[in-house]
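Undergrad: Counting from 1, position 129 in the sequence shown corresponds to residue 129 in the numbering used here; the numbering is continuous, with no gaps.
A single structure is presented below for examination.
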Amino acid sequence: MGGIFCIQGRYISLGILSHPSSTHTNRWEQEGAGGPTDMAHRIHMLGTGNAFLPHGRHHSFAMFDRRHIIDAPPTALAGLRRNGVDVSTIETVFITHVHGDHVFGFPFLLLERKYISDRDGTKPLTVVGTPFVKERLTHICQLAFPGSLESMLEHVTWVMDDVGRLPDGWAWERFEVHHEDAVEPHGYRFEHDDGASFVHSGDSGPCEPLYDAIERSALAILEMGFPDWVPSTHHHKPGDVRALAERCSTPLGITHTYIDDTSPHPTVLESQFPEFPDHVVHLSDGALFEWVGDLWELVES
1 MGGIFCIQGR YISLGILSHP SSTHTNRWEQ EGAGGPTDMA HRIHMLGTGN AFLPHGRHHS
61 FAMFDRRHII DAPPTALAGL RRNGVDVSTI ETVFITHVHG DHVFGFPFLL LERKYISDRD
121 GTKPLTVVGT PFVKERLTHI CQLAFPGSLE SMLEHVTWVM DDVGRLPDGW AWERFEVHHE
181 DAVEPHGYRF EHDDGASFVH SGDSGPCEPL YDAIERSALA ILEMGFPDWV PSTHHHKPGD
241 VRALAERCST PLGITHTYID DTSPHPTVLE SQFPEFPDHV VHLSDGALFE WVGDLWELVE
301 S
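Okay, here's the thing in C-alpha cells:
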C-alpha cells in the first residue's frame, strides 16, 4: 500500500498518490513525504465495508477536511466517535443514493446534534442530494424518532443542484451511475480551488459517467461490493477494477468491500484480497489520504 504509516514506532514510506497530469509517476511512488500539516486537505475513510459488514469494517463512509461527509450509513455515528470527531462540526452531508447502508445513520446524527453536541442549534448543516433524497431522509427521521427531529429537519439547508460550491473552496459535480434505479444512484466529483480533486463512486457498476470523472481526477474512492461470481452489474467486482486500472492511471482506493479485514473470527464471505496493479489499494477503516502539493498521499492505510 502507498503512503507513510507507523509499525512498532518506525515510519515506513510506501509511496505517494499522483495526479494523472502530474509530472510525478502515476503509481504509488517509492518516495516519502512529511507528516500531515494543519492546512492539508484530508480524506478519512471512517468505514470501508459493504452492507453485510465484513469483519473489521464499518459501512463505507468517507469524510473530507473533517467538515464534510459522504453518505450517512448506520455506523456513521460510531465512525465519527471512534475517530474523535465532534458531530456538530460536520457542515455538509453528500448523499449518493438512499439504500439503507448509506442513509440509515442520518437520524442518529441529527439526534446527537440536538441533544448533545449542538443543543443551542447554532451549527449549520447542509445536505446535498436530489429531491428524492430530501423526501427519503425526512421519512426515515420521522420513522426513527417520531416528533423528535422535526425542528432539526427545519434547520437543514437542502441543496439539490447537480453542481455547486462550498464556502471553503470545494466544488462538486454529481452524476448518475449504474446501480438500482429505485434509489437514484449518483457519484460525486470534488475539486478544490487549489487543484485537489477526487471522485467518490457511491454504489455503481462500471459506467462511462463514473469513468470519465475518474480519468479527470487525482484519486478515486471506488466501491467493490461483489466478488466476481455474483451475477450482477450493479457493483464493481475485482475483474472490473482490474479493467479500469488498465484503462487509466488514476489511483484507486477500494471501499464498500465484501472482504474481511484482519480478524480472528470465521470468514463472513471472503478474506483473501485480489491482486491488483500498484495504483490500486484496498483500504481499511481508518485509512487517511492527505493532499501534498499536487497529489494524494496515503498517510495511513
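We treat Cβ as the ideally placed atom computed from N, Cα and C, and that holds for glycine.
Is there contact here, the segment 95-109 with the segment 177-184, by at least three beta-carbon pairs under 8 Å?
TA: Judged by Cβ distances under 8 Å, the segment 95-109 makes contact with the segment 177-184, as three or more pairs qualify.
Undergrad: Out of Ala243, Glu246, Thr250, which one is the CA nearest neighbour of His200?
TA: It is Thr250 whose Cα lies nearest to the Cα of His200.
Undergrad: If you draw a straight line from the C-alpha of Asp294 to the C-alpha of Gly195, how long is it?
TA: Distance between the alpha carbons of Asp294 and Gly195 is about 7 Å.
Undergrad: Taking DSSP's pairing of strands, which residues face Gly239 in a bridge?
TA: Gly239 pairs with nothing; no bridge assigned.
Undergrad: Answer with yes or no whether the minimum CB distance from Arg57 to chain B is below 7 Å.
TA: This model lacks chain B altogether, as it is built from one protein chain only.
Undergrad: Can you tell which of Arg119, Ala78, Trp229 has the C-alpha that lies nearest to the C-alpha of Ser88?
TA: Here the closest residue by C-alpha is Arg119.
Undergrad: Alpha carbon to alpha carbon, what distance is there between Met63 and Ile69?
TA: Between Ile69 and Met63, the C-alpha separation is close to 4 Å.
Undergrad: List the residues that DSSP assigns as beta-bridge partners of Phe313.
TA: Residue 313 lies beyond the range of the chain shown here (1 to 301); nothing can be said about it.
Undergrad: For the segment 177-248, which segments carrying the alpha helix (DSSP H) assignment without a break, of at least 4 residues, lie completely within its bounds, in sequence order?
TA: Counting whole runs of 4 or more residues, the segment 177-248 contains the alpha helix (DSSP H) stretches 208-215, 238-247.
Undergrad: Can the beta-carbon of Thr255 be found less than 7 Å from the beta-carbon of Ile221?
TA: Taking 7 Å as the Cβ cut-off, Thr255 and Ile221 qualify as a contacting pair.
Undergrad: Is Ile43 helix, strand or coil by DSSP?
TA: If DSSP states are grouped into helix, strand and coil, Ile43 belongs with the strands.
Undergrad: So, does the segment 120-127 touch the segment 221-234, judging by three or more C-beta pairs under 8 Å?
TA: No, the segment 120-127 does not touch the segment 221-234.
Undergrad: Return the Cβ separation of Ala243 and His279 in integer angstroms, given the expectation that the two are a contact with Cβ distance under 8 Å.
TA: Rounded, the Cβ-Cβ distance is 14 Å, inconsistent with contact.
Undergrad: Taking 8 Å as the cut-off, does the segment 71-80 touch the segment 54-62 (at least 3 CB pairs, one atom from each stretch)?
TA: Cβ pair count under 8 Å is three or more, so yes.
Undergrad: Looking only at C-alpha atoms, which of Leu46, His41, His44, Asn50 sits nearest to Asp260?
TA: Ranking the options by Cα distance to Asp260, first place goes to Asn50.
Undergrad: CA-CA distance, Gly56 and Pro185?
TA: Gly56 and Pro185: Cα-Cα distance of roughly 26 Å.
Undergrad: Could you work out which residue in Pro167, Ala218, His282, Ser204 is closest to Phe306 when comparing CA atoms only?
TA: In the structure displayed, the chain extends from 1 to 301; residue 306 sits before or after that span and is not available.
Undergrad: Do Leu283 and Phe289 have their beta-carbon atoms positioned less than 7 Å apart in this structure?
TA: Not closer than 7 Å, so no.
Undergrad: Judging by CA-CA distance, which residue of Thr122, Asp228, Leu252 is the nearest neighbour of Gly239?
TA: Of the listed residues, the one whose Cα sits closest to Gly239 is Asp228.
Undergrad: If I follow the unbroken alpha helix (DSSP H) through Leu77, where does it start and stop?
TA: Leu77 -> alpha helix (DSSP H) spans 76-82.
Undergrad: Which residues does DSSP list as the beta-bridge partners of Arg165?
TA: Arg165 pairs with Ala171.
Undergrad: Just reading off the beta strand (DSSP E) that Gly253 is part of, what are its end residues?
TA: Element bounds for Gly253: 252-255.
Undergrad: Taking the alpha helix (DSSP H) that Val103 falls in, what are its first and last residues?
TA: Looking at the DSSP string, the run of the alpha helix (DSSP H) that includes Val103 is 100-103.
Undergrad: Which term fits Leu143, buried or exposed, when burial requires 16 or more other beta carbons within 10 angstroms of its beta carbon?
TA: Label assigned to Leu143: exposed.
Undergrad: Closest to Ala76 by C-alpha separation, out of Gly286, Val292, Trp291, Ser197, would be which residue?
TA: Out of Gly286, Val292, Trp291, Ser197, Gly286 has the C-alpha closest to the C-alpha of Ala76.
Undergrad: For Ser271, which residues of its own chain have a beta-carbon under 6 Å away from its beta-carbon, when the five flanking residues on both sides are left out?
TA: These residues qualify, in order along the chain: Asp260.
Undergrad: Just the C-alpha distance for Leu252 and Trp172, rounded to the nearest angstrom, thanks.
TA: Cα to Cα, the separation comes out at about 19 Å.
Undergrad: Apply the 10 Å Cβ neighbour rule to His139 and answer buried if 16 or more other Cβ atoms are within range, or exposed otherwise.
TA: Exposed: under 16 other Cβ atoms inside 10 Å.
Undergrad: Got a sec, what are the start and stop residues for the beta strand (DSSP E) His155 sits in?
TA: Per DSSP, His155 belongs to no beta strand (DSSP E); it is in the alpha helix (DSSP H), 150-155.
Undergrad: Mark His265 as exposed unless 16 or more other C-beta atoms lie within 10 angstroms of its C-beta, in which case mark it buried.
TA: Exposed is the call here.
Undergrad: Would you kindly work out how many angstroms separate the C-alpha atoms of Asp162 and Gly202, rounded to a whole number?
TA: For Asp162 and Gly202, the distance between alpha carbons rounds to 15 Å.
Undergrad: Which first and last residues belong to the beta strand (DSSP E) in which Glu112 is found?
TA: No beta strand (DSSP E) holds Glu112; the alpha helix (DSSP H) holding it covers 106-112.
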